[in-house]
Amino acid sequence: YGHDIEATWLIDRACEVIGDDALTAEVREMNEAVVKNIADIAFENGALNNERDKDKINKIHVWWVQAEGVVGFLNAYQKYGEKRYLDIANALWDNIKSEIIDKREGGEWYSQILENGEPDSAKATVDPWKCPYHNG
1195 YGHDIEATWL IDRACEVIGD DALTAEVREM NEAVVKNIAD IAFENGALNN
1245 ERDKDKINKI HVWWVQAEGV VGFLNAYQKY GEKRYLDIAN ALWDNIKSEI
1295 IDKREGGEWY SQILENGEPD SAKATVDPWK CPYHNG
């Protein structure tokens, strides 16, 4: 769900830059449907599930999915004015602070939190994909 929510705010920004009112109106409806769908089916217990493949939901909490969720739902709140989206963004940020951020001395963000609520010790804390793009 991370790429889906990320796409909504990136597409909104692209429409702002392009300045095409008809395209912006068309995209607004599509993006609103995507955001609503993610809020309805992926937001659970204060976090976004990672992804869905047919009927299988991957409930691992991946660091960048949570970060993109904050940005995406704040963008949705600004665009559509629905308080629910602000509440989700705040809940995601609270979840990042409580479960994703490694509070040990010199800690970073955990790569992912497993379904049992524990950080995935098989994942490196830092890797080529873990960079300021998502959480800087």
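This note's numbering runs 1194 ahead of the 1-based position in the sequence shown. For each residue, glycine too, the CB sits at the ideal point set by N, CA and C.
The C-alpha of G1196 lies about 19 Å from the C-alpha of Q1272. Note: R1246 is bridge-paired with I1251 in the DSSP secondary-structure output.
Cα atoms of V1259 and N1284: separation of roughly 14 Å, rounded to the nearest angstrom. Sorting I1212, N1252 and G1311 by C-alpha distance to the C-alpha of I1290 places G1311 at the top. Beyond the five residues adjoining it in sequence on each side, D1314 comes within less than 8 Å, by CB distance, of I1254, Y1304, S1305, Q1306, I1307 and L1308 in the same chain, given in chain order. In this chain, the alpha helix (DSSP H) harbouring E1220 covers D1215 to I1235. According to DSSP, W1303 shares a beta bridge with I1295. When the five nearest sequence neighbours on each side are left out, no beta carbon in the same chain lies closer than 6 Å to the beta carbon of M1224.
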